[in-house]
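Shown next, in C-alpha cells, is the structure this report addresses.
4 protein chains.
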Amino acid sequence: MRILLTGGTIDKVYLEADGKLWFKDSIIEEMLKQGRCTAETTVEILMQKDSLDFTDADRQVVSDACRRAQEEQLIITHGTDTMTRTAADLASLELAKTIVLTGSMIPHRVGSSDALFNLGCAVAAVQLLPYGVYIAINGEVFEWDKVEKNRKLGRFERTGA
Amino acid sequence: MRILLTGGTIDKVYLEADGKLWFKDSIIEEMLKQGRCTAETTVEILMQKDSLDFTDADRQVVSDACRRAQEEQLIITHGTDTMTRTAADLASLELAKTIVLTGSMIPHRVGSSDALFNLGCAVAAVQLLPYGVYIAINGEVFEWDKVEKNRKLGRFERTGA
Amino acid sequence: MRILLTGGTIDKVYLEADGKLWFKDSIIEEMLKQGRCTAETTVEILMQKDSLDFTDADRQVVSDACRRAQEEQLIITHGTDTMTRTAADLASLELAKTIVLTGSMIPHRVGSSDALFNLGCAVAAVQLLPYGVYIAINGEVFEWDKVEKNRKLGRFERTGA
Amino acid sequence: MRILLTGGTIDKVYLEADGKLWFKDSIIEEMLKQGRCTAETTVEILMQKDSLDFTDADRQVVSDACRRAQEEQLIITHGTDTMTRTAADLASLELAKTIVLTGSMIPHRVGSSDALFNLGCAVAAVQLLPYGVYIAINGEVFEWDKVEKNRKLGRFERTGA
Chain A
1 MRILLTGGTI DKVYLEADGK LWFKDSIIEE MLKQGRCTAE TTVEILMQKD SLDFTDADRQ
61 VVSDACRRAQ EEQLIITHGT DTMTRTAADL ASLELAKTIV LTGSMIPHRV GSSDALFNLG
121 CAVAAVQLLP YGVYIAINGE VFEWDKVEKN RKLGRFERTG A
Chain B
1 MRILLTGGTI DKVYLEADGK LWFKDSIIEE MLKQGRCTAE TTVEILMQKD SLDFTDADRQ
61 VVSDACRRAQ EEQLIITHGT DTMTRTAADL ASLELAKTIV LTGSMIPHRV GSSDALFNLG
121 CAVAAVQLLP YGVYIAINGE VFEWDKVEKN RKLGRFERTG A
Chain C
1 MRILLTGGTI DKVYLEADGK LWFKDSIIEE MLKQGRCTAE TTVEILMQKD SLDFTDADRQ
61 VVSDACRRAQ EEQLIITHGT DTMTRTAADL ASLELAKTIV LTGSMIPHRV GSSDALFNLG
121 CAVAAVQLLP YGVYIAINGE VFEWDKVEKN RKLGRFERTG A
Chain D
1 MRILLTGGTI DKVYLEADGK LWFKDSIIEE MLKQGRCTAE TTVEILMQKD SLDFTDADRQ
61 VVSDACRRAQ EEQLIITHGT DTMTRTAADL ASLELAKTIV LTGSMIPHRV GSSDALFNLG
121 CAVAAVQLLP YGVYIAINGE VFEWDKVEKN RKLGRFERTG A
C-alpha cells in the first residue's frame with residue numbers, strides 16, 4: 001500500500017523554537033514502526049499542511065498522486081477539518097483503487113492521542129475494502145458521502161438517509 | 001460488536017506491590033476511549049491470563065462465549081503465544097460470525113506499545129470481514145489457518161502455500 | 001511550600017477545539033501526584049500566560065503573591081523566555097524567603113518532556129537553599145543574577161565572572 | 001557528579017522475549033537527556049539488580065565505588081526495598097562526600113512513572129547538600145537515618161522523634 005501524507009493534526013510535532021505544534025519530519029513511519037506493521041508500505045509526503053489551509057491546488061496535488069500511484073491500496077493522512085471535502089474530490093475521479101483517509105483529533109506526540117488507533121483502523125480497512133473512497137476514524141469506516149465531522153463533539157458521524 | 005477479553009500482554013498493568021506487570025482492571029475500555037471509538041462495543045471479561053497458561057478449559061470458555069454472543073462481530077483480546085491455537089478451536093465451531101483475535105507484543109501501559117495500533121486494526125477488520133476467524137496484528141489481517149507467530153522476531157507471519 | 005503558577009510551556013495542554021497547546025486546567029498538581037510528592041504543597045494559580053506576554057502588571061502580581069505568602073518556601077512555575085526578568089524583580093524585594101523559579105522547554109503533556117525532571121529539581125532545591133531567588137532548570141540550580149537563557153540552544157547557562 | 005547505578009525499579013525496561021520488566025541497557029542517561037541536564041555527570045553501572053536480591057557483597061561493591069570515586073557528589077540509583085540499608089552501610093564509611101540515593105515506585109518506561117521527578121530531586125539535592133548520606137524521593141530529601149519505606153502505602157516516611 002502507499003501512504004500519502006498531507007499533514008494534519010496526526011503528524012504535528014512540538015517545535016521548541018516556536019513553542020508550538022507544527023510540521024517538521026513526518027512521524028507516520030515512526031508510528032508504523034511502533035505498530036510493528038509488516039504490511040508493505042511506501043510513504044510519500046505530498047505536503048504538510050493544516051487542512052484548514054488546503055487550497056484547490058492542494059487537493060489537485062492529492063488527486064494527481066492518487067491517480068499516479070501504482071498501488072491499488074492508498075491511505076491518505078489528512079487534517080480532519082476538510083477531510084470530507086478532499087474525499088469528495090477523490091471520489092469524483094472514480095479510480096479503480098481503495099482510498100482510505102484518516103487523521104486524528106490529538107497529535108500522536110501528545111499524551112492520550114487517538115492517532116495510533118486511527119492509523120491501525122486505516123491500515124486494516126484499506127486491505128479489506130473494495131474500490132472506493134472511505135474515511136476511517138473513531139473506530140468506524142465511513143463511505144465518503146455518508147459522513148461529516150461534528151466539530152462541537154470532535155468526532156465524525158454517519159449522515160442520515 | 002462484542003469484545004471478549006482473555007488477558008494477554010495487551011492488558012497487563014504495573015502492579016506496584018508485586019513490582020511486575022500483571023492483570024488488574026482491564027484497560028481495553030480505556031484504550032477504546034483513547035481511540036475515541038464511536039462504534040458500539042460491549043466489553044466482556046472472560047478471564048485475565050497469560051496465554052501460555054491457557055488450558056483446554058479456558059479455550060472452552062472462549063468457545064462458549066463466542067457461541068453464546070448475540071453479536072455477529074466479535075473481537076477477542078488474547079496473549080500472542082497461543083493465539084493461533086485458540087483461533088483454530090474457534091474455527092472448528094463454524095459459527096456464522098466474524099471473529100477477530102488481537103493482542104500486542106508490548107503492554108499498552110508501557111512506552112512505545114503496539115497495542116493501540118493493533119486494537120484499531122481489529123476494530124476495523126471485524127466490521128469489514130465476512131464470517132470466519134482471523135488474527136489482526138502487525139498491520140495485517142490473517143486468516144486463522146494461514147499464520148504463525150515467529151517468536152524469534154516477535155511478530156506474526158503468513159504461512160506458506 | 002507554596003507553588004505559584006503563572007503559566008509557561010510547562011503547563012500548556014492540547015486544546016482540541018483550537019488545535020493548539022494553550023492553558024486550561026493547570027496540570028502542576030497532576031505532576032506532583034505523578035511524582036508521588038509527599039512534601040506539603042499549596043498550589044495557587046496567579047495567571048496562565050506565555051511569559052513573552054508578561055507585562056509589568058503581571059510581574060507586580062507575582063511580587064505581591066511572594067510578599068503575601070506565609071510560607072518561606074516558594075516555587076514559581078513560569079515560561080522560560082522572561083524567567084530571569086521576573087527573578088530579578090523578585091530579588092529586588094529582598095524577602096526572607098527561598099524562591100525557586102522553574103519551567104520547561106517542552107510541555108508536560110507532550111512526549112519526552114523535561115517538565116517532571118525540572119519540577120523535581122525545584123521541589124528539592126526550595127527545601128535546601130537559604131533565602132534568595134533561584135532558577136532550577138537543566139539539572140542545575142542557578143542564582144538569579146548568574147544565569148541567562150540561551151535561546152539558540154534552548155537551555156539556561158551560567159553567566160560569566 | 002557521578003551517578004552509580006545498581007538497578008532497581010527505576011531502570012527496568014520491558015523485555016519482550018521474557019514478557020516482563022527487567023534490566024537491559026540502563027535508561028538513566030536517556031532520562032538525563034530528557035531532563036536536558038547540563039550538569040556534568042558521569043554514569044557508572046555497578047550492577048543491575050532488584051534491591052531485594054542485594055547481598056552483602058553487592059553492598060560492598062557500592063561502598064567501594066563511593067570510596068573510590070573522585071567526585072564529591074554521588075547519586076546512587078537503587079531499588080526502594082533495601083535502599084535504607086545500603087544508605088546505612090554508606091553512612092558508616094563517614095566519607096567526605098555528598099551521597100544521595102534515589103529510585104522509583106514505577107519504572108521510567110511505564111506510564112505515569114515517578115522516576116523522572118525523583119531523579120530531578122536527586123540531581124538538585126546532591127549539589128546543595130553538605131557531606132552525608134541522604135535519600136531523595138517523594139519530593140523530599142531525607143537524612144539516611146530518619147526515613148523508612150512504608151511498603152503498604154508505597155512511599156517513604158520520616159521516622160519518629
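Chains as they are written, first to last, in the UniProt record's numbering: chain A, 1 to 161; chain B, 1 to 161; chain C, 1 to 161; chain D, 1 to 161.
Every residue gets a Cβ at the ideal spot worked out from N, C-alpha and C, and that includes glycine.
For residue i, tell me which candidate among the options has the shortest Cα-Cα distance.
{"i": "leucine 15/B", "options": "Asn138/B, Ile137/B, Val110/B, Asp53/B", "result": "Val110/B"}
{"i": "aspartate 50/C", "options": "Met105/C, Gly35/C, Glu94/C", "result": "Met105/C"}
{"i": "glutamate 72/D", "options": "Met1/D, Gln48/D, Ser113/D, Lys152/D", "result": "Met1/D"}
{"i": "glutamine 70/C", "options": "Glu30/C, Leu95/C, Leu90/C", "result": "Leu95/C"}
{"i": "leucine 79/B", "options": "Met47/B, Glu29/B, Gln127/B", "result": "Strictly speaking, residue 79/B in this sequence is glycine, with leucine absent from that position. Checking every option, the nearest Cα to that of glycine 79/B belongs to Met47/B."}
{"i": "leucine 74/B", "options": "Glu44/B, Lys12/B, Phe142/B", "result": "Glu44/B"}
{"i": "glycine 19/B", "options": "Leu52/D, Arg36/D, Ile27/D", "result": "Leu52/D"}
{"i": "leucine 129/D", "options": "Trp22/D, Thr6/D, Val100/D, Gly139/D", "result": "Val100/D"}
{"i": "arginine 155/B", "options": "Gly132/B, Glu30/B, Gly103/B", "result": "Gly103/B"}
{"i": "residue 168/C", "options": "Tyr134/D, Ala39/D, Asp25/D", "result": "With chain C represented from 1 up to 161, any question about residue 168/C goes unanswered, as that position is not in the structure."}
{"i": "tyrosine 134/B", "options": "Leu90/B, Phe23/B, Ala57/B", "result": "Leu90/B"}
Mind checking who residue i pairs with in its DSSP beta bridge?
{"i": "lysine 149/A", "result": "Phe156/A"}
{"i": "alanine 136/C", "result": "Val141/C"}
{"i": "tyrosine 14/C", "result": "Leu21/C"}
{"i": "leucine 4/C", "result": "Glu44/C, Ile76/C"}
{"i": "threonine 9/D", "result": "Bridge partners of threonine 9/D: none, in fact."}
{"i": "threonine 38/B", "result": "DSSP, once it has assigned bridges, lists no residue as partnering threonine 38/B."}
{"i": "valine 126/A", "result": "Looking at the DSSP assignment, valine 126/A forms no beta bridge with any residue, so it has no partner."}
How about residue i and residue j: do their beta carbons lie closer than 8 Å?
{"i": "leucine 93/A", "j": "arginine 59/A", "result": "no"}
{"i": "proline 107/C", "j": "isoleucine 10/C", "result": "yes"}
{"i": "threonine 42/B", "j": "leucine 32/B", "result": "no"}
{"i": "phenylalanine 117/B", "j": "leucine 153/A", "result": "no"}
{"i": "tryptophan 144/C", "j": "alanine 88/C", "result": "yes"}
{"i": "threonine 84/A", "j": "valine 147/A", "result": "yes"}
{"i": "valine 126/C", "j": "threonine 98/C", "result": "yes"}
{"i": "glycine 8/D", "j": "threonine 77/D", "result": "yes"}
{"i": "alanine 124/D", "j": "alanine 136/C", "result": "yes"}
{"i": "cysteine 121/C", "j": "glycine 139/C", "result": "yes"}
{"i": "valine 13/C", "j": "isoleucine 27/C", "result": "yes"}
{"i": "leucine 21/A", "j": "leucine 5/C", "result": "no"}
{"i": "serine 112/A", "j": "glutamine 34/B", "result": "yes"}
Strictly below 8 Å CB to CB, what residues from chain C border residue i?
{"i": "methionine 83/D", "result": "Within chain C, no residue comes near methionine 83/D; the closest Cβ sits about 15 Å away, beyond 8 Å."}
{"i": "phenylalanine 54/D", "result": "None at all; the shortest Cβ gap to chain C is about 23 Å."}
Quick one: list the residues of chain C neighbouring residue i, beta-carbon separation under 7 Å, in chain order.
{"i": "threonine 9/A", "result": "Gly19"}
{"i": "glycine 35/A", "result": "Simply none; closest approach about 16 Å."}
{"i": "glutamate 16/A", "result": "Met105, Ile106, Gly154"}
{"i": "arginine 109/A", "result": "Val110, Gly111"}
{"i": "alanine 125/D", "result": "Ala124, Leu128"}
Below 9 Å on C-beta distance, what does residue i contact in chain A?
{"i": "glycine 120/C", "result": "In chain order: nothing, as chain A lies at least about 19 Å away."}
Give me the chain D residues within the contact set of residue i, using Cβ-Cβ distance strictly less than 7 Å, ordered along the chain.
{"i": "threonine 38/C", "result": "Asn138, Gly139, Glu140, Arg155"}
Which chain B residues sit within Cβ distance under 8 Å of residue i?
{"i": "leucine 129/A", "result": "Leu128"}
If the cut is a Cβ gap below 7 Å, which residues of chain A does residue i touch?
{"i": "aspartate 114/B", "result": "Gln34, Gly35, Arg36"}
(message) So within the stretch 45-100 of chain B, which uninterrupted alpha helix (DSSP H) runs reach at least 4 residues, ignoring any that extend past its ends?
(response) 56-68, 83-91
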